[in-house]
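Here the structure comes first, spelled out in structure tokens, and everything after it is commentary.
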Amino acid sequence: MPVRSLLLPLLLIVAACTTSPTGRQQLLLVGDDQMQQMGATAFAQMREEMPQTNDSGKRNYVNCVADRIIEQLPQGSGQNWEVAVFEDDSANAFALPGGKIGVHTGLLDTAENQDQLAAVIAHEVAHVLAQHSAERVSQQYATQAGVDLVGALAGGEGQMRQQLLGLLGVGAQVGILLPYSRLQESEADVYGLELMAKAGFDPRASVPLWQNMKKTGGGSPPELLSTHPAPDTRIRELQNQIPKVMPAYEAARERGNRPNCQVR
């Protein structure tokens, strides 16, 4: 086999290496444009298949929190953010590549205030910014060069579509739970706390949020909880991280960044 043929896969891998917000090296074999198309396709399908709330107060509340977080995102993030509130009793939320955010109305019962809701939204947005979905899709389909992933996602109810939805982070909605790795969850926790703090939301609220999640679950945990690490572990790790982002929160408050998002 020619040396050139042997070097090509290696060059592709080197070219696809990037760095997560926490400094971890990642291998991404799926481009931003393709991931954003996949996110937009999945989001459009969910908006067709799942009812959205008619409660303008809830929509405005969720948008208020999401907008404050989006304002803190790095320049050039390349996302055209859009928010939908789905009428569903489960305590769940997600974010997709391309800047698509979905929140279930059931989460508003578990997240008791704007700070707790911000903790969830910031965490999900952090997954997108850290390109965790692209990382998972790359790992799954690295050996299937030329596969039309966007076409597979838009092409009906096949197994590949279901798996892609799971890899994008919305598997709970289609009955396939494919949790992010422990490392990816830790990254989303760290970056999510930073985002909410910079937006003026109290990062300390993340602890009672996960305590509420644990209580809400009872015998069977909420979908959001079932795809995340054990709540006691999550709480301990959050408590260790919170002091590191409190200066950013205090600085945001001093600048007058004091969100007042409420259900009206």
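FYI, the numbering for the sequence shown is 1 to 264, going by the UniProt record's numbering. All residues carry an ideal CB built from backbone N, CA and C; glycine is no exception. All values reported here derive from a predicted model rather than from experimental measurement.
- Annotated three-state conformation of A111 is coil, per DSSP.
- With a cutoff of 9 Å on beta-carbon distance, L129 and P74 are scored as near each other.
- For the pair A122 and G200, the CB atoms are not nearer than the 9 Å cut-off.
- The three-state reading of DSSP puts F201 in coil, since its state is none of H, G, I, E or B.
- A Cβ-Cβ separation of about 6 Å places E82 in contact with G99 under the 8 Å criterion.
- Note on the segment 65-97: whole beta strand (DSSP E) runs with a minimum of 3 residues are 82-86 and 93-96, in chain order.
- Setting aside the 5 residues that flank it on each side, A84 is surrounded in the same chain by F43, M46, R47, Q52, K100, I101, G102 and V103, each with a C-beta closer than 8 Å to its C-beta; the list follows chain order.
- For R234, the number of other beta carbons within 10 angstroms of its own is at least 16, and it is reported as buried.
- Nearest neighbour of K215 by Cα position, chosen from T110, E194, Y180 and N240, turns out to be T110.
- DSSP places V245 inside the alpha helix (DSSP H), whose first and last residues are P231 to E254.
- Its chain contains H132 as the residues whose beta carbon lies nearer than 6 Å to that of Q184, once the 5 sequence neighbours on both sides are disregarded; these appear in chain order.
- By the criterion of a C-beta distance shorter than 7 Å, Q241 is surrounded in its chain by D189, V190 and L193, once the five residues flanking it on both sides are discounted.
- Less than 9 Å divides the Cβ of M196 from the Cβ of A118.
- Bounds of the alpha helix (DSSP H) holding G39 are D32 to E49.
- L96 is positioned such that its CB atom lies closer than 9 Å to that of M38.
- If you draw a straight line from the Cα of N260 to the Cα of V62, it is about 12 Å long.
- Under DSSP, no beta-bridge partner is assigned to I121.
- Residue pairing of Q52 in beta bridges, as defined by DSSP: F86.
- In the three-state reduction of the DSSP assignment, G192 falls in the helix class.
- Rounded to whole angstroms, the Cβ separation of N113 and A205 is 7 Å, and the two are in contact under 8 Å.
- Here DSSP, grouped into helix, strand and coil, assigns V263 to coil.
- In the structure shown, G102 falls within a strand segment according to DSSP collapsed to helix, strand and coil.
- Cβ neighbours of K198 within its own chain (closer than 7 Å, five residues either side excluded): Q72, A248 and A252.
- From the listed residues E237, R59, S56 and P208, the smallest Cα separation to R182 is found for E237.
- In the three-state reduction of the DSSP assignment, Y180 falls in the coil class.
- Judged by DSSP in its simplified three-state form, A130 adopts coil rather than helix or strand.
- Separation of N80 and Q36 (C-alpha to C-alpha, rounded to the nearest whole angstrom) is 9 Å.
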